[in-house]
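Working notes, structure below.
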Amino acid sequence: MTTLPNRPNTALLVVDVQKGAVDGSHNRDSMIANINTLVDKARAEDVPVIWVQHSDDHLKRDSEAWQYVPELVRSPSEPLVHKLYGDSFEATELESLLAERAVGRLVVTGAQTDACIRDTLHGAFVRGYDVTLVGDAHTTEDLTEYGAPTPELVVAHTNLYWDWQSAPGRRGETVDTAKVTFATGVAG
Numbered sequence: 001m002t003t004l005p006n007r008p009n010t011a012l013l014v015v016d017v018q019k020g021a022v023d024g025s026h027n028r029d030s031m032i033a034n035i036n037t038l039v040d041k042a043r044a045e046d047v048p049v050i051w052v053q054h055s056d057d058h059l060k061r062d063s064e065a066w067q068y069v070p071e072l073v074r075s076p077s078e079p080l081v082h083k084l085y086g087d088s089f090e091a092t093e094l095e096s097l098l099a100e101r102a103v104g105r106l107v108v109t110g111a112q113t114d115a116c117i118r119d120t121l122h123g124a125f126v127r128g129y130d131v132t133l134v135g136d137a138h139t140t141e142d143l144t145e146y147g148a149p150t151p152e153l154v155v156a157h158t159n160l161y162w163d164w165q166s167a168p169g170r171r172g173e174t175v176d177t178a179k180v181t182f183a184t185g186v187a188g
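Heads up: the sequence shown begins at 1 in full-length UniProt numbering, then just goes up one per residue.
Okay, here's the thing in structure tokens:
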């Protein structure tokens, strides 16, 4: 359904699963295991896997915290997008990488639910992409001391509201890892 012409393909986006972003996060280990399942499935189906890596004052480039978690291993043939903003599209080459691969639908995983994941979901959606959030493959840290809900509730709320996103010619949805399909024109 994407509004992007001649872009029938799907890509898996792995956002910011870096040591400093997920260490101590809610559901860290199961989230990483689910992402590994999706990466394996995407590779087996020849679906592009695109990795995103954030840098800022807390995730200084080339620091230990900035590194991807060791449980996830990017293939050298898979693009790595470096970003400075929450939205993975802002001031990056992500859009051109997706255009080269004729991608009009994204399957999104990673961290942090209430920051870079939400920013990237909305960034993709307003750019014309169909966007599937994998409900059991994203996480966030505990920010309750700042007035945020618990991480479990942040994840649940994001899953709930994203499943109802729609606009002319495109839609959002939330599915769990076991129900993800990368086939063209198939929801989930």
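Just so it is clear, CB atoms sit at the ideal spot from N, CA and C, and this is done for glycine as well.
Rounded to whole angstroms, what's the CA-CA distance from residue 150 to residue 142? Just pull it up for me.
-> 6 Å
Taking the alpha-carbon positions, what's the residue 81 to residue 173 distance?
-> 24 Å
Would you mind giving the Cβ-Cβ distance between residue 211 and residue 42, rounded to the nearest angstrom? I have them listed as a contact below 8 Å.
-> For residue 211 there is no data in the structure shown, the boundaries of the chain being 1 and 188.
Within its chain, find whatever has a CB closer than 8 Å to the CB of residue 28; leave out the 5 residues flanking it on each side and keep chain order.
-> 22, 139
Report the partner residues of residue 231 according to the DSSP bridge assignment.
-> The chain is shown from 1 up to 188; residue 231 falls before or after that span and cannot be answered.
Counting pairs of Cβ atoms below 8 Å between the stretch 96-114 and the stretch 1-10, do you hit three or more?
-> yes
N- and C-terminal bounds of the alpha helix (DSSP H) containing residue 41 = 28-44
With DSSP collapsed to three states, give me the class of residue 66.
-> coil
Residue 83: buried (16+ other C-beta within 10 angstroms of its C-beta) or exposed?
-> buried
What did DSSP end up calling residue 51 once you bin it into helix, strand or coil?
-> strand
How big is the Cα-Cα spacing for residue 44 and residue 34?
-> 15 Å
Within the same chain, show all residues whose beta-carbon is closer than 7 Å to that of residue 47, passing over the 5 residues directly before and after it, in chain order.
-> 10, 11, 12, 182
Residue(s) in a DSSP beta bridge with residue 172 | 131
Take residue 180 as the anchor and find which of 125, 108, 161, 128 has the nearest alpha-carbon.
-> 108
Can you pull the DSSP bridge partners for residue 18?
-> 68
Strand pairing of residue 110, partner residues [DSSP] = 15, 138
Roughly how many angstroms separate the alpha carbons of residue 36 and residue 72, rounded to a whole number?
-> 7 Å
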